[in-house]
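K.L.:
Numbering (my numbering), first residue to last: 5 to 217.
Structure follows, in C-alpha coordinates:
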(Lines of atoms letter the chains of each structure in order from A; the text may use other names.)
(Lines give C-alpha, C1' and ligand atoms only; values in the text may rest on other atoms or scores of the structure.)
Protein backbone atom coordinates (compact mmCIF):
# COMPACT_ATOMS: atom_id res chain seq x y z
CA UNK A 5 0.00 0.00 0.00
CA UNK A 6 1.56 3.32 -1.09
CA UNK A 7 1.69 6.60 0.83
CA UNK A 8 -1.17 8.23 -1.07
CA UNK A 9 -3.48 5.32 -0.33
CA UNK A 10 -2.60 5.59 3.38
CA UNK A 11 -3.36 9.31 3.32
CA UNK A 12 -6.69 8.59 1.64
CA UNK A 13 -7.66 6.06 4.28
CA UNK A 14 -6.46 8.40 7.03
CA UNK A 15 -8.62 11.21 5.65
CA UNK A 16 -11.66 8.95 5.52
CA UNK A 17 -11.09 7.77 9.11
CA UNK A 18 -10.62 11.37 10.30
CA UNK A 19 -13.84 12.34 8.53
CA UNK A 20 -15.78 9.51 10.12
CA UNK A 21 -14.47 10.45 13.58
CA UNK A 22 -15.41 14.13 13.11
CA UNK A 23 -18.88 13.19 11.89
CA UNK A 24 -19.36 10.88 14.89
CA UNK A 25 -18.32 13.64 17.31
CA UNK A 26 -20.56 16.10 15.45
CA UNK A 27 -23.59 13.83 15.76
CA UNK A 28 -22.86 13.29 19.46
CA UNK A 29 -22.49 17.03 20.10
CA UNK A 30 -25.66 17.72 18.11
CA UNK A 31 -27.71 15.25 20.15
CA UNK A 32 -26.37 16.57 23.47
CA UNK A 33 -26.99 20.20 22.49
CA UNK A 34 -30.57 19.55 21.45
CA UNK A 35 -31.16 17.55 24.63
CA UNK A 36 -29.69 20.35 26.78
CA UNK A 37 -31.95 23.00 25.25
CA UNK A 38 -34.94 20.71 25.68
CA UNK A 39 -34.01 20.11 29.33
CA UNK A 40 -33.83 23.85 30.05
CA UNK A 41 -37.27 24.38 28.54
CA UNK A 42 -38.78 21.39 30.36
CA UNK A 43 -37.37 22.39 33.75
CA UNK A 44 -38.58 25.99 33.40
CA UNK A 45 -42.03 24.81 32.33
CA UNK A 46 -42.29 22.66 35.47
CA UNK A 47 -41.99 25.79 37.65
CA UNK A 48 -45.06 27.49 36.09
CA UNK A 49 -43.39 30.91 36.13
CA UNK A 50 -45.44 33.71 34.58
CA UNK A 51 -44.32 37.31 34.25
CA UNK A 52 -46.27 39.87 36.28
CA UNK A 53 -48.22 42.63 34.44
CA UNK A 54 -45.52 45.23 35.20
CA UNK A 55 -42.75 43.21 33.54
CA UNK A 56 -42.59 45.40 30.48
CA UNK A 57 -40.51 48.55 29.91
CA UNK A 58 -43.31 51.12 30.12
CA UNK A 59 -44.71 49.77 33.39
CA UNK A 60 -41.38 49.16 35.12
CA UNK A 61 -40.34 52.75 34.43
CA UNK A 62 -43.44 53.98 36.24
CA UNK A 63 -42.91 51.60 39.16
CA UNK A 64 -39.23 52.54 39.52
CA UNK A 65 -40.11 56.23 39.53
CA UNK A 66 -42.81 55.73 42.16
CA UNK A 67 -40.39 53.76 44.33
CA UNK A 68 -37.88 56.59 44.12
CA UNK A 69 -35.13 54.59 42.46
CA UNK A 70 -32.22 56.63 41.06
CA UNK A 71 -32.54 57.68 37.42
CA UNK A 72 -29.27 55.86 36.74
CA UNK A 73 -30.82 52.48 37.64
CA UNK A 74 -30.53 50.11 34.68
CA UNK A 75 -34.06 49.00 33.79
CA UNK A 76 -34.95 45.96 31.64
CA UNK A 77 -35.87 46.58 28.00
CA UNK A 78 -37.37 43.13 27.37
CA UNK A 79 -41.03 42.19 27.84
CA UNK A 80 -42.37 39.10 29.63
CA UNK A 81 -45.59 40.57 31.03
CA UNK A 82 -48.19 37.83 31.53
CA UNK A 83 -45.92 35.46 29.59
CA UNK A 84 -45.07 31.90 30.64
CA UNK A 85 -41.33 31.50 31.14
CA UNK A 86 -40.14 28.48 29.15
CA UNK A 87 -36.85 29.60 27.61
CA UNK A 88 -33.47 30.75 28.87
CA UNK A 89 -33.79 34.22 27.32
CA UNK A 90 -37.17 34.78 28.98
CA UNK A 91 -35.76 33.49 32.27
CA UNK A 92 -32.96 36.05 32.09
CA UNK A 93 -35.49 38.79 31.36
CA UNK A 94 -37.62 37.70 34.33
CA UNK A 95 -34.50 37.79 36.55
CA UNK A 96 -33.79 41.39 35.49
CA UNK A 97 -37.27 42.44 36.57
CA UNK A 98 -36.88 40.56 39.85
CA UNK A 99 -33.83 42.69 40.64
CA UNK A 100 -35.82 45.88 40.08
CA UNK A 101 -38.58 44.56 42.34
CA UNK A 102 -35.99 43.84 45.02
CA UNK A 103 -34.58 47.36 44.66
CA UNK A 104 -38.06 48.80 44.98
CA UNK A 105 -38.60 46.95 48.27
CA UNK A 106 -35.19 48.01 49.62
CA UNK A 107 -35.40 51.66 48.59
CA UNK A 108 -32.63 51.21 46.02
CA UNK A 109 -30.22 49.54 48.44
CA UNK A 110 -28.34 46.37 47.58
CA UNK A 111 -27.52 43.47 49.91
CA UNK A 112 -24.16 44.96 50.93
CA UNK A 113 -25.79 48.28 51.86
CA UNK A 114 -28.30 46.79 54.31
CA UNK A 115 -27.79 45.63 57.87
CA UNK A 116 -28.67 42.24 59.24
CA UNK A 117 -31.31 43.52 61.68
CA UNK A 118 -34.23 45.93 61.67
CA UNK A 119 -33.28 49.19 63.36
CA UNK A 120 -34.96 50.03 66.67
CA UNK A 121 -34.81 53.74 65.76
CA UNK A 122 -36.74 53.21 62.53
CA UNK A 123 -38.02 49.64 61.96
CA UNK A 124 -39.37 50.59 58.51
CA UNK A 125 -35.96 51.73 57.24
CA UNK A 126 -34.67 49.02 54.86
CA UNK A 127 -31.09 50.03 55.62
CA UNK A 128 -31.42 48.47 59.08
CA UNK A 129 -28.38 47.90 61.23
CA UNK A 130 -25.75 45.25 61.85
CA UNK A 131 -25.34 46.39 65.45
CA UNK A 132 -27.30 44.00 67.66
CA UNK A 133 -27.45 46.64 70.39
CA UNK A 134 -29.26 49.07 68.07
CA UNK A 135 -31.56 46.42 66.60
CA UNK A 136 -35.27 46.06 67.14
CA UNK A 137 -35.82 43.28 69.67
CA UNK A 138 -38.50 40.60 69.84
CA UNK A 139 -38.50 37.89 72.50
CA UNK A 140 -35.03 39.02 73.48
CA UNK A 141 -33.61 38.53 69.98
CA UNK A 142 -32.78 41.01 67.20
CA UNK A 143 -35.43 41.12 64.47
CA UNK A 144 -34.01 40.24 61.03
CA UNK A 145 -34.07 42.92 58.36
CA UNK A 146 -36.99 41.87 56.13
CA UNK A 147 -35.78 43.94 53.17
CA UNK A 148 -32.37 42.26 53.31
CA UNK A 149 -33.95 38.81 53.47
CA UNK A 150 -36.14 39.68 50.48
CA UNK A 151 -33.01 40.67 48.57
CA UNK A 152 -31.32 37.37 49.41
CA UNK A 153 -34.35 35.40 48.20
CA UNK A 154 -34.62 37.44 45.00
CA UNK A 155 -30.91 37.02 44.30
CA UNK A 156 -31.08 33.25 44.78
CA UNK A 157 -34.03 32.92 42.40
CA UNK A 158 -32.62 35.29 39.78
CA UNK A 159 -29.29 33.43 39.88
CA UNK A 160 -31.09 30.16 39.15
CA UNK A 161 -32.90 31.79 36.23
CA UNK A 162 -29.66 33.23 34.88
CA UNK A 163 -28.10 29.76 35.06
CA UNK A 164 -30.93 28.56 32.80
CA UNK A 165 -30.01 31.28 30.32
CA UNK A 166 -26.33 30.34 30.50
CA UNK A 167 -27.15 26.66 29.97
CA UNK A 168 -29.23 27.50 26.92
CA UNK A 169 -26.43 29.61 25.44
CA UNK A 170 -23.88 26.86 26.04
CA UNK A 171 -26.22 24.42 24.31
CA UNK A 172 -26.48 26.83 21.38
CA UNK A 173 -22.69 27.03 21.19
CA UNK A 174 -22.53 23.23 21.26
CA UNK A 175 -25.02 23.14 18.38
CA UNK A 176 -22.81 25.43 16.30
CA UNK A 177 -19.74 23.32 17.10
CA UNK A 178 -21.65 20.15 16.18
CA UNK A 179 -22.53 21.56 12.76
CA UNK A 180 -18.91 22.64 12.24
CA UNK A 181 -17.68 19.13 13.10
CA UNK A 182 -20.16 17.53 10.71
CA UNK A 183 -19.15 19.81 7.86
CA UNK A 184 -15.45 19.31 8.61
CA UNK A 185 -15.87 15.53 8.66
CA UNK A 186 -17.73 15.52 5.36
CA UNK A 187 -15.10 17.82 3.88
CA UNK A 188 -12.26 15.54 4.99
CA UNK A 189 -13.91 12.54 3.41
CA UNK A 190 -14.60 14.34 0.13
CA UNK A 191 -11.03 15.65 0.02
CA UNK A 192 -9.57 12.21 0.72
CA UNK A 193 -11.70 10.41 -1.88
CA UNK A 194 -11.75 13.02 -4.63
CA UNK A 195 -8.20 14.34 -4.40
CA UNK A 196 -5.88 11.72 -2.93
CA UNK A 197 -7.99 8.79 -4.14
CA UNK A 198 -8.09 10.01 -7.73
CA UNK A 199 -4.36 10.72 -7.75
CA UNK A 200 -3.56 7.29 -6.33
CA UNK A 201 -5.72 5.54 -8.93
CA UNK A 202 -4.14 7.51 -11.78
CA UNK A 203 -0.67 6.54 -10.57
CA UNK A 204 -1.63 2.87 -10.31
CA UNK A 205 -3.15 2.92 -13.82
CA UNK A 206 -0.05 4.58 -15.22
CA UNK A 207 2.19 1.99 -13.64
CA UNK A 208 0.04 -0.89 -14.90
CA UNK A 209 0.12 0.47 -18.44
CA UNK A 210 3.89 1.02 -18.65
CA UNK A 211 5.38 -1.45 -21.14
CA UNK A 212 8.29 -3.57 -20.02
CA UNK A 213 11.68 -2.61 -21.46
CA UNK A 214 13.33 -5.28 -23.63
CA UNK A 215 16.45 -6.87 -22.30
CA UNK A 216 19.40 -6.42 -24.64
CA UNK A 217 22.43 -8.57 -24.58
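Backbone N, C-alpha and C define an ideal beta-carbon position, used for all residues, glycine too.
#1: If contact is defined by three or more beta carbon pairs under 8 Å, each pair taking one atom from either stretch, is the stretch 135-153 in contact with the stretch 109-124?
#2: With contact counted as at least three CB pairs below 8 Å, one residue from each stretch, are the stretch 33-42 and the stretch 172-188 in contact?
#3: Would you mind working out which of 109, 170 and 181 sits nearest residue 218, comparing C-alpha positions?
#4: Under the rule that 16 or more other beta-carbon atoms within 10 Å means buried, what is residue 140, buried or exposed?
#5: Quick one: measure Cβ to Cβ for residue 162 and residue 95, integer angstroms, because I've assumed they're closer than 8 Å.
#6: Between the alpha carbons of residue 160 and residue 194, how many angstroms are there, rounded?
#7: Would you call the stretch 78-93 in contact with the stretch 41-51, where contact means no fewer than 3 C-beta pairs closer than 8 Å?
#8: Whose C-beta lies closer than 6 Å to the C-beta of residue 171 among residues of the same chain, with five residues either side of it excluded?
#9: With hydrogens ignored, establish whether the beta-carbon of residue 183 is closer than 6 Å to any heavy atom of the ligand SAH.
P.N.:
With the given structure in hand:
#1: yes
#2: yes
#3: The structure shown does not extend to residue 218, since the chain spans only 5 to 217, so no value can be given for it.
#4: exposed
#5: 5 Å
#6: 51 Å
#7: yes
#8: 33, 36 and 37
#9: Inclusion of the ligand SAH in the displayed structure is not the case, the ligand content being empty and no account of it being possible.
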